[in-house]
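Asks: Below is one structure. I have some questions about it.
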Amino acid sequence: MSGYDPKAIEAKWQRVWAEERTWEVANPGQPGFEAEKPKSYVLEMLPYPSGEPHVGHLKCYAVGDAIAHFRRRHGFEVIHPMGYDAFGLPAENNAIKTGEPPRAATERSIDSFRRQFREWGISIDWSRELGTHTPEYYRWTQWIFLKLFERGLAYRAEAPVQWCPVDATVLANEQVVDGRCERCGTPVEQRRLEQWFFRITDYAERLLADFELLESWPEHVVTMQRNWIGRSEGAEVVFRCEELGLDFPVFTTRPDTLFGATFFVLAPEHPELERLVAGTPAEAAVREYVNRVARESVEERGDEARPKTGVPLGRSVVNPVNGEEIPMFVADYVLMEYGTGAIMAVPGHDTRDYEFARAFDLPVRRVIEGVDPETARDDEGLPYAGDGAMTGSGRFDGKGNREAYAEIVAWLESEGRGKAAVNYRLRDWLVSRQRYWGAPIPVVYCKECGIVPVPEDRLPVELPEIEDYAPQGRSPLAAAEEWVATECPRCGGAARRETDTMDTFVDSSWYFIRYLDPRNDAAAWDRAAADHWLPVDQYIGGVEHAILHLMYARFFTKALADIGELGVQEPFASLFTQGMITRDGAKMSKSKGNTVSPAEYVERYGADTARTYVCFMGPPERGGDWSDEGVEGVNRFLSRLWRLCEEVEGAGAGEVDSAAAEGEARELLAKAHWAIDKATRDFQRGFQFNTAIAAVMELVNEAYRVKDGLYGDPAGTAAVGFAAATAASLIFPFAPHLGAEVWERLRGDRVWERPWPQADPALLASDTVTLVVQVNGKLRDRIEAAADASEAELLELARASEKVRRHLDGKEIVKEVVVPGKLVNLVVR
RNA sequence: GCCGGAGUGGCGGAACUGGCAUACGCGAUCGACUCAAAAUCGAUUGCCCUGACGGGCUUGUGGGUUCGAGUCCCACCUCCGGCACCA
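Using numbering that gives the first Met the number 0, read the first sequence as starting at 0 and increasing by one per residue.
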């Protein structure tokens, strides 16, 4: 008897799948298109190819592949493509360090990912493979940019950005962790630069409303996006600086506290600051303060705990509700990027304004009755942020603040001094990057014509080869003089190319559409293909993309639908977020030296073991700690299944006749049908793979327990054969090579072409049940009883039990609870 | 501070709609096979008392509802994740 040899089995089936192109599917209109089958688009987030795949990849694709297989065997035509999110910073950093061009390092990594995905046996339609760094792909990324530009959804503007002084480059928001550069740990600074933005804020309301359209997304991901979008209802109120004739709108969620405004604060970045203080005695102090704030890191500035600072401007504005003049300040606790960059300060009812008022000895005025001991800081019980009756607010006094709120907004509106307003925390998406390794922004700058988009028919704007990748405070592309100098597409005069590239999140915001028609060189995609396959039915990936990627892709889908290129509003109907695998309780990292190399485990135990293990270690949506012993346990289980197959194959298992089976043979068949039922339900109930696999383990254990007694007769051998074949069929989505091999040996055909097994209700039902007998809720005995026994019969049985009688002894039964088929509880006193 | 999630054996975890707590796996102990070891197969394994039969206790803590609570309700503690001077 030869042992379980995953190397041989896995190579064999990988060859079959590659040669026969088993997992390729056709588009509408193409030969082989399956018109009658329902479609299912199963997609895992595409990997960023850097080095080699890690365990996170293994888990993501193992989970996704299990789902793809499960759906195929339920009659769906499953599209399951793969690609690479190949532009990005790590390849560029590597280039700066080693001089190796990013393209070369990226291609090498892609080769490694591709090879390992094949070695893992993931059922990928390789005919649809793509890389976002190829001109064939980014040509269409640029095309989408132009479409957004045409619609006014892409625009160029000056804005404060996050700047890392050590790397001399802007950083994406997601690369700023706790106010520090993710790469080098340096506190980031803010700079003002002219940049390209996508107008995602236009979609804030729809991004919130369309959560309704989603089938199944984890609640916490929806919540995170909601918080990120940060919708607040309130009012815009205009305060006027009479001296200069300037209007200052502010956004407030508390127009009911307007009468309590005792001062007014601008953010240090406020554009009118210069005009307010130029030539005044305050000028020097304000300048100094603004410069000091500009030098502060984002981390320092964000610290709520430090004392409030600011400088008076020597100017005042008029409060529109009572005509009061209140002094103006500049202070860094007011942020330019939220609201209008200016606030009315109500120290009586806002803790931050209160702190500032105390520091600068400004009046604190109560306009709403009430005290909250949690926030109160003085004898008056202020500040107070709760509800109550209005006071010190003229004709609104005595009214509830909620009621006054509406009246004040209505009054402001009638006076033209304000209006109801909604404000979002969400900012427009800054997509420019002063980096080399990304898709060039398809725009030129002409002295005569200004910003001119590159015409569609001249795409792609190809990324030129350069030699020095180091950032110099501008894009390394700026050094490619021959490339930068071009002619204006409009007037033909001299023009210069945009040297910034696009954020890599732009590339990954539409790749799931390109998969549907990846070789199209006349269009980004064929509309019929997109209409057929979209939306993605099941998306799988790490929760770290809960906001950025998932929100950007939702935005793109909506924008493209508005442009008329897509027929869906949401890209991903269902989302599954897999948890992170740790080792020794810590996140894996090269610096900690606790990484797990999937290749090493695949080499030692085979892909089936590695895949099954990551699905078995716990509920896939939760994280788990990697355990070498756990891997061995799964390998042991697969080996047991293998040996069972070899044994029963040798014994010559024939067709099983479940109706005729008796005794242990029948019990084994019942166990097999129980496992089918359990595994199927676990799959459907949120991909509970750990318990589905446990059910197959139980089936194999049961087969081992009884097999030696069954080999004697043909019906018994057939039952063992059925158990082994069923186990193979159920384990196939996790361990496809072993599943296919065992099934072929026992059944002669291909398990992936067989429908998912169905549990036979006749074998799920048992004619006896274990009756649990309790006395006062405590378990006292277990009795085998007929499944169809009446309540009276069950009570009879319970009372007859010796173990039960011992506890009834001399006591009075006051109540009898009978749950048919389950339990009897006797309540005694 | 706000939002979300989780606390169950030595460990990872299971338990459907309120009905056998600890499935499955790991680890550990013992046995079979072996000259021996590994591998494999089998048995035992929540804690406490008992020679045994048995009994008592146990799902973060405290209370409640119920014939019956890991599951429902109230209060609290701890841990993890996200956001955070958002006006």
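Quick reminder that beta carbons are idealized off the backbone N, C-alpha and C, glycines included. All values reported here derive from a predicted model rather than from experimental measurement.
What separation, rounded to the nearest whole angstrom, lies between the Cα atoms of F258 and D331?
Replies: Stepping through the first sequence from its first residue, residue 258 is reached at position 259. Stepping through the first sequence from its first residue, residue 331 is reached at position 332. If I take the Cα positions, the gap works out to 24 Å.
Asks: Between the stretch 0 to 11 and the stretch 727 to 742, do at least 3 Cβ pairs fall closer than 8 Å?
Replies: The stretch 0 to 11 vs the stretch 727 to 742: in contact.
Asks: Going by DSSP in three states, E295 sits in which element: helix, strand or coil?
Replies: Here residue 295 refers to the residue found at position 296 when the first sequence is read from its first residue. In this structure, E295 counts as coil in the three-state DSSP scheme.
Asks: What span of residues does the beta strand (DSSP E) with T140 cover, start to end?
Replies: Position 141 of the first sequence, counted from the start, is the residue given in the question as residue 140. Note, T140: premise wrong, no beta strand (DSSP E); alpha helix (DSSP H) at P134 to E149.
Asks: When DSSP labels each residue in this structure, what does N422 get in the three-state scheme?
Replies: Within the first sequence, residue 422 is the residue found at index 423, counting from 1. Of the three classes helix, strand and coil, the one that applies to N422 here is strand, per DSSP.
Asks: Check the C-beta distance from A702 over to L778 and give it rounded, since I have them as a contact under 8 Å.
Replies: As a position in the first sequence, residue 702 is number 703, starting the count at 1. As a position in the first sequence, residue 778 is number 779, starting the count at 1. The pair is not a contact, with the Cβ atoms about 30 Å apart (cut-off 8 Å).
Asks: So, for E480: in the same chain, excluding its five sequence neighbours on each side, which residues have a beta-carbon less than 8 Å away from its beta-carbon?
Replies: Mapped onto the first sequence, residue 480 falls at position 481. Correct list: empty, nothing qualifies.
Asks: Less than 6 Å between C-beta atoms, sequence neighbours within five positions excluded: which residues of the same chain meet that for A572?
Replies: To locate residue 572, count along the first sequence from 1; it is residue 573. E214, P534 and D536.
Asks: Rounded to whole angstroms, how far is the Cβ of F69 from the Cβ of P732, which I believe are closer than 8 Å?
Replies: If you number the first sequence from 1, residue 69 lands on position 70. If you number the first sequence from 1, residue 732 lands on position 733. Contact flag correct, Cβ pair sits at about 5 Å.
Asks: Could you have a look at A469 and say whether DSSP puts it in helix, strand or coil?
Replies: As a first step, residue 469 must be located in the first sequence, where it is residue number 470. The answer is coil: DSSP assigns A469 none of H, G, I, E or B.
Asks: Leaving aside the five residues before and after T200 along the sequence, list all residues of the same chain whose C-beta is less than 8 Å from its C-beta, in chain order.
Replies: Taking the first sequence and counting its residues from 1, the one referred to as residue 200 is at position 201. The residues are Y423, L425, R426 and D427.
Asks: Less than 8 Å between the C-beta atoms of L411 and P439, yes or no?
Replies: Locating residue 411 in the first sequence gives position 412, where the first residue counts as 1. Locating residue 439 in the first sequence gives position 440, where the first residue counts as 1. Against a cut-off of 8 Å, the Cβ pair of P439 and L411 comes out as no contact.
Asks: Could you round the C-beta distance between L637 and T608 to whole angstroms and report it? I think they count as a contact, below 8 Å.
Replies: In the first sequence, counting from the first residue as 1, residue 637 sits at position 638. In the first sequence, counting from the first residue as 1, residue 608 sits at position 609. Contact flag correct, Cβ pair sits at about 6 Å.
Asks: How would you write the range of the beta strand (DSSP E) that P452 sits in, first residue to last?
Replies: Translated into the one-based positions of the first sequence, residue 452 becomes position 453. P452 -> beta strand (DSSP E) spans G449 to P452.
Asks: Under 8 Å: do the stretch 114 to 121 and the stretch 51 to 60 share three or more Cβ pairs, one atom per stretch?
Replies: At 8 Å Cβ cutoff, the stretches touch.
Asks: Distance check for T611 and A734, CA to CA, integer angstroms please.
Replies: The count along the first sequence starts at 1 and reaches residue 734 at position 735. The count along the first sequence starts at 1 and reaches residue 611 at position 612. Near 6 Å, if we compare the C-alpha coordinates of T611 and A734.
Asks: If you follow the beta strand (DSSP E) that A797 is in, where does it begin and where does it stop?
Replies: Residue numbering aside, residue 797 sits at position 798 when the first sequence is read from its first letter. Taken as a continuous stretch (DSSP letters only), A797 belongs to no beta strand (DSSP E), being part of the alpha helix (DSSP H) at E790 to A799.
Asks: Rounded to the nearest angstrom, what separates D780 and A652 at their Cα positions?
Replies: Here residue 780 refers to the residue found at position 781 of the first sequence. Here residue 652 refers to the residue found at position 653 of the first sequence. Taking the straight line joining both Cα atoms gives about 40 Å.
Asks: Mind checking who D624 pairs with in its DSSP beta bridge?
Replies: Locating residue 624 in the first sequence gives position 625, where the first residue counts as 1. Answer is T581.
Asks: Just the C-alpha distance for A266 and R582, rounded to the nearest angstrom, thanks.
Replies: Translated into the one-based positions of the first sequence, residue 266 becomes position 267. Translated into the one-based positions of the first sequence, residue 582 becomes position 583. Taking the straight line joining both Cα atoms gives about 45 Å.
Asks: In this structure, what does DSSP give as the bridge partners for G82?
Replies: Within the first sequence, the letter at position 83 stands for residue 82. DSSP, once it has assigned bridges, lists L129 as partnering G82.
Asks: Buried or exposed for R72, going by 16 or more other Cβ atoms inside 10 Å?
Replies: To locate residue 72, count along the first sequence from 1; it is residue 73. By the 10 Å Cβ count, R72 comes out buried.
Asks: Does the beta-carbon of K36 have 16 or more other beta-carbons within 10 angstroms, so that it is buried, or is it exposed?
Replies: Here residue 36 refers to the residue found at position 37 when the first sequence is read from its first residue. Answer is exposed; the Cβ neighbour count stays below 16.
Asks: Give me, in chain order, the residues of the same chain whose beta-carbon lies closer than 8 Å to that of Q13; leave out the 5 immediate sequence neighbours on both sides.
Replies: The count along the first sequence starts at 1 and reaches residue 13 at position 14. Answer for Q13: R117, E118, G120 and H736, listed in chain order.
Asks: What's the gap between the Cα of G809 and the Cα of A764?
Replies: As a position in the first sequence, residue 809 is number 810, starting the count at 1. As a position in the first sequence, residue 764 is number 765, starting the count at 1. Each residue's Cα considered, the two are about 39 Å apart.
Asks: Can you tell which of V768, R805 and L243 has its C-alpha closest to the C-alpha of L793?
Replies: Position 794 of the first sequence, counting from 1, holds the residue named residue 793. L793 has its Cα closest to that of V768, out of V768, R805 and L243.
Asks: Specify the secondary structure class of D561 as computed by DSSP and reduced to three states.
Replies: Residue 561 sits at position 562 when you count from the first residue of the first sequence. Helix at D561.
Asks: Looking at the structure shown, is E645 part of a helix, part of a strand, or coil, going by DSSP?
Replies: Sequence index remark: in the first sequence, residue 645 carries index 646 (1-based). Correct three-state label for E645: helix.
Asks: Would you decide whether H219 is buried or exposed? Buried here means 16 or more other CB atoms lie within 10 Å of its CB.
Replies: Numbered from its first residue, the first sequence carries residue 219 at position 220. Answer is exposed; the Cβ neighbour count stays below 16.
Asks: With a 10 Å radius around its C-beta and 16 neighbouring C-beta atoms as the bar for buried, classify K446 as buried or exposed.
Replies: Position 447 of the first sequence, counting from 1, holds the residue named residue 446. The residue is exposed, with fewer than 16 neighbouring Cβ atoms inside 10 Å.
Asks: For the stretch 78 to 91 against the stretch 39 to 48, are there 3 or more C-beta pairs whose distance is under 8 Å?
Replies: Verdict: yes, contact present.
Asks: Is the Cβ-Cβ distance between E76 and E19 less than 8 Å?
Replies: Counting from 1 along the first sequence, the entry for residue 76 is found at position 77. Counting from 1 along the first sequence, the entry for residue 19 is found at position 20. Not closer than 8 Å, so no.
Asks: What is the rounded straight-line gap between the Cα of N824 and the Cα of I812?
Replies: For the purposes of this step, residue 824 is taken as the residue at position 825 of the first sequence. For the purposes of this step, residue 812 is taken as the residue at position 813 of the first sequence. One C-alpha to the other measures close to 10 Å.
Asks: So V317 packs on R253, CB below 8 Å; how close in whole Å?
Replies: Walking along the first sequence from the start, residue 317 turns up at place 318. Walking along the first sequence from the start, residue 253 turns up at place 254. That belief does not hold up - the Cβ atoms of V317 and R253 are roughly 19 Å apart, past 8 Å.
Asks: If you run the structure through DSSP and keep just helix, strand and coil, what is P5?
Replies: Position 6 of the first sequence, counting from 1, holds the residue named residue 5. If DSSP states are grouped into helix, strand and coil, P5 belongs with the helices.
Asks: Of the choices V24, L272, L129 and I78, whose alpha-carbon is the least far from that of A340?
Replies: As a first step, residue 340 is located in the first sequence; it is residue number 341 there, counting from the start. Looking at the sequence shown, residue 340 is not Ala but Gly. Measuring from the Cα of G340, the nearest candidate turns out to be L272.
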